[in-house]
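Read the structure below first, then the notes.
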Amino acid sequence: MSTEIKKLLEGVRDGSVSVEDAMRSLKSRPFEDIGFAKVDLHRKVRQGWAEVIYGAGKTPEQILGIVQVMVENSQKTVLITRMSQEAAEFIAPHCDLQYYPDARIGIVGPIPEPDGIGTVVVATGGTSDIPVAEEAAWTAQVMGNRVLRLYDVGVSGLHRTLSHLDEIMSASVIVAIAGMEGALASVLGGLADCPVIAVPTSVGYGASFGGLSALLSMLNSCASGVSVVNIDNGFGAGYLAGMINHADGKRGEGK
């Protein structure tokens with residue numbers, strides 16, 4: 002059961018929300034058709050987090066139109082991924098936009114306070130992997146997670162990784178981001194007692210094949226508890242990490 006519905010039902014139980022108001026909230030239209038997009042207004046009710054806008058391929062005007070519909074329907078924070086500088090400059094005068102060019106992430110509205118069960122560690126093999134890592138980190142933060150960034154801790158200098166053992170071993174979930182041969186995920190998976198989400202990046206020389214080498218290495222990891230997302234998919238990794246870090250909130254539901 003999503004947090005939104007749970008709060009609504011608790012409100013009915015304690016009398017702070019009337020049955021009629023609860024019914025209106027649940028029956029409100031599930032999406033709004035604005036011609037070029039059907040904005041999913043019930044995504045947060047179904048999945049716990051609102052629809053995320055994928056900015057690549059959309060015009061600045063289209064992105065703004067979707068943002069405005071979401072804000073008008075009481076979405077406090079809107080995440081926009083793969084957003085261009087041009088789109089950010091167009092949208093900024095119309096809403097409360099924070100733009101992070103390295104990550105190509107736009108955030109409309111406040112970043113919520115962390116309410117996850119622990120810390121999401123986002124680690125990179127090298128500095129060149131940071132743009133993908135920042136996409137993962139900001140995604141997790143928008144979902145209400147405490148995020149710790151450990152950058153440039155790749156296996157070519159293993160002492161750098163081992164200097165962060167305390168942070169690695171106390172994490173609730175780790176996002177391991179690396180190009181080249183992608184070995185970082187296996188190393189972290191062998192050190193940590195939490196899930197590791199591996200993100201191959203397109204960083205590397207010719208035989209890395211645009212991240213395919215790292216992808217195959219991560220898929221063949223000998224460490225237990227390592228899962229893999231697509232090449233350069235920082236968003237997917239950050240989203241999954243956020244879900245894992247909130248899994249404790251589902252205990253006791255359905256009983």
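For this note's numbering, add 1 to where a residue sits in the sequence shown, where the first one is 1.
Built from N, CA and C at the ideal position, the CB exists for glycine as well.
Bear in mind that the values here come from a model prediction, so they are computed numbers and not experimental data.
Query                                                                                                          : Result
CA-to-CA distance, Ile64 to Leu220, given in whole angstroms                                                   : 35 angstroms
Cα-Cα separation, Val121 to Val188                                                                             : 17 angstroms
Cα-Cα separation between Phe37 and Lys59, rounded to whole angstroms                                           : 10 angstroms
Cβ pair Ala193, Met170 closer than 8 angstroms                                                                 : yes
Through-space distance from Cys195 to Ser173, alpha-carbon basis                                               : 6 angstroms
Three-way DSSP call (helix, strand, coil) for Lys7 in this model                                               : helix
Extent of the continuous alpha helix (DSSP H) run through Tyr206                                               : Premise fails: Tyr206 is in no alpha helix (DSSP H) and is neither H nor E.
At least 3 beta-carbon pairs within less than 8 angstroms: the segment 150-159 vs the segment 64-74            : no
Start and end residues, beta strand (DSSP E) containing Gly124                                                 : The amino acid occupying residue 124 in the given sequence is Ala; Gly does not appear at that position. Element bounds for Ala124: 120-125.
At least 3 beta-carbon pairs within less than 8 angstroms: the segment 228-243 vs the segment 133-149          : yes
Helix, strand or coil at Ala88 according to DSSP, with G and I counted as helix                                : helix
Cα-Cα separation, Met2 to His160                                                                               : Here the model assigns Met2 a pLDDT of 38, short of 50, so the residue's position is not dependable and the matter cannot be decided.
Assumed close pair Val133, Thr202 - CB separation to whole angstroms, cut-off 8 angstroms                      : 5 angstroms
Continuous beta strand (DSSP E) assignments of at least 3 residues falling wholly in the segment 114-184       : 120-125, 147-151, 174-179
Gln69 - containing beta strand (DSSP E), residue span                                                          : Note, Gln69: premise wrong, no beta strand (DSSP E); alpha helix (DSSP H) at 61-73.
Ser228 - containing beta strand (DSSP E), residue span                                                         : 227-229
Nearest-angstrom beta carbon gap, Ala199 and Ala177 [assumed within contact, 8 angstroms]                      : 5 angstroms
Short Cβ contact (8 angstroms threshold) for Gly180 with Gly158                                                : no
DSSP beta-bridge partners of Thr82                                                                             : Tyr55
Gly117 classed as buried or exposed, judged by whether at least 16 other C-beta atoms fall within 10 angstroms : buried
Proximity of Val72 and Cys96 at Cβ, strictly below 8 angstroms                                                 : yes
Neighbour-count burial assignment, Arg105, 16 or more Cβ in a 10 Å radius                                      : buried
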